[in-house]
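Just so you know, the protein sequences line up as chains A and B, in that order.
Just add 17 to wherever you are in the first sequence, counting from 1, and you've got my numbering.
Just add 9 to wherever you are in the second sequence, counting from 1, and you've got my numbering.
Think of the CB as a built atom: it goes at the ideal place given N, C-alpha and C, for glycine as much as any other residue.
Only one structure is covered here, and it is reproduced in the block below.
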Amino acid sequence: MKKYIVSLLALLVMGSIKISAATVVAEPKIDAGDTAWMITATALVLFMSIPALALFYGGLVRRKNVLNIFMQCMIIVAVISIEWIVCGYSMSFGKSEGFFSPFIGGLDGAFLRNIGIHDLSPYFISHSQIAADGTLVGTIPHLVFVMFQCMFAVITPALIIGAFAERINFKGFLLFTVLWSLFVYNPVAHWVWSSDGWLYKLGALDFAGGTVVHINAGIAAIVTAIMLGKRRDYKGHALPPHNITYVVMGAAMLWIGWFGFNAGSGLAADGLAANAFLVTHIAAAAAALTWAILDWFNDGKPTIVGTSTGAVAGLVAITPAAGFVNVGGALAIGVLVSLICFAMVAFVKPKIGYDDSLDAFGVHGIGGITGSILTGLLATPTIQSAYSGAIAGNWHQLLVQLIAVMAVILYSGIVTVVLFKVSDRILGVRVPDKLEAIGLDETQHGETAYTSFD
Amino acid sequence: MKKIEAVIRKSKFEDVKMALYEAGIEWFSYWDITGLGKSKEDQVVRGQIFQSSYIQRRMLSIVVRDINLEKTVNAILDSAWTGDPGDGKIFVSDIEQTYRIRTRESGPEALYNKDSNGI
Numbered sequence: 018m019k020k021y022i023v024s025l026l027a028l029l030v031m032g033s034i035k036i037s038a039a040t041v042v043a044e045p046k047i048d049a050g051d052t053a054w055m056i057t058a059t060a061l062v063l064f065m066s067i068p069a070l071a072l073f074y075g076g077l078v079r080r081k082n083v084l085n086i087f088m089q090c091m092i093i094v095a096v097i098s099i100e101w102i103v104c105g106y107s108m109s110f111g112k113s114e115g116f117f118s119p120f121i122g123g124l125d126g127a128f129l130r131n132i133g134i135h136d137l138s139p140y141f142i143s144h145s146q147i148a149a150d151g152t153l154v155g156t157i158p159h160l161v162f163v164m165f166q167c168m169f170a171v172i173t174p175a176l177i178i179g180a181f182a183e184r185i186n187f188k189g190f191l192l193f194t195v196l197w198s199l200f201v202y203n204p205v206a207h208w209v210w211s212s213d214g215w216l217y218k219l220g221a222l223d224f225a226g227g228t229v230v231h232i233n234a235g236i237a238a239i240v241t242a243i244m245l246g247k248r249r250d251y252k253g254h255a256l257p258p259h260n261i262t263y264v265v266m267g268a269a270m271l272w273i274g275w276f277g278f279n280a281g282s283g284l285a286a287d288g289l290a291a292n293a294f295l296v297t298h299i300a301a302a303a304a305a306l307t308w309a310i311l312d313w314f315n316d317g318k319p320t321i322v323g324t325s326t327g328a329v330a331g332l333v334a335i336t337p338a339a340g341f342v343n344v345g346g347a348l349a350i351g352v353l354v355s356l357i358c359f360a361m362v363a364f365v366k367p368k369i370g371y372d373d374s375l376d377a378f379g380v381h382g383i384g385g386i387t388g389s390i391l392t393g394l395l396a397t398p399t400i401q402s403a404y405s406g407a408i409a410g411n412w413h414q415l416l417v418q419l420i421a422v423m424a425v426i427l428y429s430g431i432v433t434v435v436l437f438k439v440s441d442r443i444l445g446v447r448v449p450d451k452l453e454a455i456g457l458d459e460t461q462h463g464e465t466a467y468t469s470f471d
Numbered sequence: 010m011k012k013i014e015a016v017i018r019k020s021k022f023e024d025v026k027m028a029l030y031e032a033g034i035e036w037f038s039y040w041d042i043t044g045l046g047k048s049k050e051d052q053v054v055r056g057q058i059f060q061s062s063y064i065q066r067r068m069l070s071i072v073v074r075d076i077n078l079e080k081t082v083n084a085i086l087d088s089a090w091t092g093d094p095g096d097g098k099i100f101v102s103d104i105e106q107t108y109r110i111r112t113r114e115s116g117p118e119a120l121y122n123k124d125s126n127g128i
């Protein structure tokens, strides 16, 4: 009932504005339902970094390196959250003047100093209202939007951990992560999600982070994996995971957290969120099942590591598409991404011979590219009427998606090379061979995961 | 008194356990071990099938009276066998002394329960 009144008011307001721009408009209101959901969704996205990703990756490494993975995830949450309020949010979603405007935000919003607790989010998808100054605003507090986006800024560098696991110097890792967030994540988020961003203006579709999060991190992953070199024990095939139950718990928690990631990206509790919720779940289910079947054919037995990996690949691929495709599209995306990622991880990677320890590129990079391109193919106007893909006759969208994918691959690839070199020069990124043999838990943190202490 | 240590396939553990029960063994301890060497075994991770030198086995440790040594060793030899490389090994060594903590009995008597004709 309340909502009807609000929309009636909005209609009245819009009508009055046409008559006279000077008419005083109703005070825009925070929508309690939208806000409650967005705070929940934000917490769910944090849940993906800790503990979900920490468990998923931690289970896949050997027992001497599990705490190092947990620590990397935990410290990224701490460091990048601070980076985000210091300047990250402003660089990603703030405004800048002239030439830089489409590429990166300015530092006007450093320390969130311009945001009051009653301010409404300037970003919205389907729920908006007219503010006192005549601009459109969303229905949730601006600070909730800042926090929601903070969790995305946190999880993106955390995904890269999978590529350089088990051999990176903690100091070098920390420096690289901060530099990468500043100079890769923030600009790319600005390109795609800021209303000034050049890819946003070009019409690139990325509902919840296929390009910004997954391709971005996936490309950084393969670059760092190659630059850092292979683990001393790497013989062209995966090293056996030390705790598969962690892997499964991590994947399951990622699946749950992803509902916040995708269904929260509509920034409202509405039908669009419902669709994102549905397609996220169905794509993950289809991808998990497909990977299990591929395992079955490949080696006679379906493995849980494979099925968990498939679920994650499905979640990655549906991320850019969640607000644009229907359930049929989700099924197609789920099946296709598992086929492609399976081929990548099981056959292509061993042939080429790079050591992407936990397949951060194979799953997030390749899955993100697959999902972003398929979004351009499968987007249907029945979800958001303004957006359609090649299947609905809009071939231009596919071209835009390809441009967005290529732009992020090139930018993330080149800048990651530079930042990783810089981190290596200043602090060193590779641990000495002997310390790698002992394990990073002991040598980087002075702790061991599995003790016999009573 | 002899100590029998046997490295066996995990897949044969149930068979060996039943054979030892039938041979009258009342109690033994076991734990999972990982072997590492030149031998390799097939492993699968995320669709990659490869040969790994980490080999998972189970180790049994049993202390028996001398008269029961042969019977126990034969029980393991028969039940742990598949005929493929990797069936495992049995090691036998001397035990100098045994004490039962509850009764302070020592020697072979401390090894079995007199009421149940154990080993």
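Beta-carbon spacing of residue i, residue j below 8 Å
i                            : j                            : result
isoleucine 350 of chain A    : alanine 328 of chain A       : no
phenylalanine 120 of chain A : tryptophan 208 of chain A    : yes
threonine 15 of chain A      : alanine 407 of chain A       : Nothing about residue 15 of chain A can be reported from this structure: the residues present for chain A run from 18 to 471 only.
glycine 33 of chain B        : valine 362 of chain A        : no
alanine 280 of chain A       : alanine 58 of chain A        : yes
alanine 377 of chain A       : alanine 225 of chain A       : no
valine 434 of chain A        : methionine 244 of chain A    : yes
alanine 268 of chain A       : isoleucine 177 of chain A    : no
proline 319 of chain A       : glycine 388 of chain A       : no
leucine 348 of chain A       : phenylalanine 141 of chain A : no
lysine 49 of chain B         : glutamine 60 of chain B      : yes
isoleucine 239 of chain A    : glycine 382 of chain A       : yes
leucine 72 of chain A        : tyrosine 251 of chain A      : no
glutamine 414 of chain A     : leucine 222 of chain A       : yes
threonine 194 of chain A     : isoleucine 93 of chain A     : yes
proline 174 of chain A       : serine 198 of chain A        : yes
Classification of residue i by the beta-carbon crowding that lies within 10 angstroms, buried from 16 upward
i                         : result
arginine 18 of chain B    : buried
tryptophan 272 of chain A : buried
methionine 108 of chain A : buried
threonine 468 of chain A  : exposed
threonine 152 of chain A  : exposed
tyrosine 30 of chain B    : exposed
isoleucine 157 of chain A : buried
glutamine 418 of chain A  : buried
tryptophan 210 of chain A : buried
alanine 454 of chain A    : exposed
valine 25 of chain B      : buried
Distance between residue j and residue i (C-alpha atoms, nearest Å)
i                            : j                            : result
aspartate 373 of chain A     : histidine 231 of chain A     : 15 Å
threonine 465 of chain A     : lysine 112 of chain A        : 46 Å
alanine 53 of chain A        : proline 204 of chain A       : 29 Å
proline 94 of chain B        : glycine 274 of chain A       : 46 Å
tryptophan 36 of chain B     : leucine 120 of chain B       : 10 Å
lysine 20 of chain A         : alanine 69 of chain A        : Per-residue confidence for lysine 20 of chain A stands at a pLDDT of 49, beneath the threshold of 50, marking its modelled position as unreliable; no derived number is given.
histidine 144 of chain A     : isoleucine 386 of chain A    : 29 Å
threonine 399 of chain A     : asparagine 343 of chain A    : 8 Å
serine 138 of chain A        : valine 154 of chain A        : 6 Å
tyrosine 404 of chain A      : leucine 394 of chain A       : 11 Å
leucine 84 of chain A        : serine 66 of chain A         : 15 Å
threonine 43 of chain B      : glycine 331 of chain A       : 34 Å
asparagine 122 of chain B    : leucine 45 of chain B        : 38 Å
leucine 191 of chain A       : alanine 15 of chain B        : 47 Å
isoleucine 390 of chain A    : phenylalanine 437 of chain A : 28 Å
leucine 48 of chain A        : alanine 286 of chain A       : According to the sequence as given, residue 48 of chain A is aspartate; it is not leucine. Roughly 10 Å between the two C-alpha positions.
leucine 16 of chain A        : isoleucine 58 of chain B     : Absent from the model: residue 16 of chain A. The displayed extent of chain A is 18 to 471, so no value can be given.
phenylalanine 187 of chain A : serine 355 of chain A        : 33 Å
valine 352 of chain A        : phenylalanine 364 of chain A : 18 Å
alanine 60 of chain A        : isoleucine 86 of chain A     : 21 Å
glutamine 461 of chain A     : arginine 184 of chain A      : 11 Å
alanine 38 of chain A        : glutamate 44 of chain A      : Its pLDDT being 48, under 50, alanine 38 of chain A is placed unreliably by the model, and the measurement read from it follows with that caveat. In a straight line, the C-alpha of alanine 38 of chain A is about 15 Å away from that of glutamate 44 of chain A.
leucine 445 of chain A       : glycine 189 of chain A       : Sequence check: residue 445 of chain A is glycine here, not leucine. Taking the straight line from one Cα to the other gives about 5 Å.
arginine 249 of chain A      : aspartate 450 of chain A     : 7 Å
glutamine 89 of chain A      : alanine 182 of chain A       : 10 Å
Given 8 Å, three or more beta-carbon pairs between the region 71 to 84 of chain B and the region 105 to 124 of chain B:
yes
Runs of alpha helix (DSSP H) lying entirely within the region 151 to 217 of chain A, each at least 4 residues, in chain order:
Fully contained in the region 151 to 217 of chain A are the following alpha helix (DSSP H) runs of length 4 or more, in chain order: 159 to 181, 187 to 197 and 203 to 210.
Looking at C-beta atoms only, is the number of pairs between the region 166 to 185 of chain A and the region 91 to 103 of chain A that lie closer than 8 Å three or more?
At 8 Å Cβ cutoff, the stretches touch.
Per the contact definition of three or more C-beta pairs closer than 8 Å, is the region 283 to 298 of chain A in contact with the region 307 to 321 of chain A?
no
Would you call the region 75 to 82 of chain A and the region 249 to 262 of chain A in contact, with 3 or more CB pairs under 8 Å?
yes
Please list the segments of the alpha helix (DSSP H) lying wholly inside the region 362 to 417 of chain A, counting only runs of 4 or more residues, in order along the chain.
366 to 369 and 383 to 395
Please list the segments of the beta strand (DSSP E) lying wholly inside the region 115 to 142 of chain A, counting only runs of 3 or more residues, in order along the chain.
none
Only counting runs of 4 or more residues, tell me where the alpha helix (DSSP H) segments fall wholly within the region 271 to 320 of chain A, in order along the chain.
288 to 316
Continuous beta strand (DSSP E) assignments of at least 3 residues falling wholly in the region 13 to 98 of chain B
Whole beta strand (DSSP E) segments, 3+ residues: 38 to 54 and 57 to 73.
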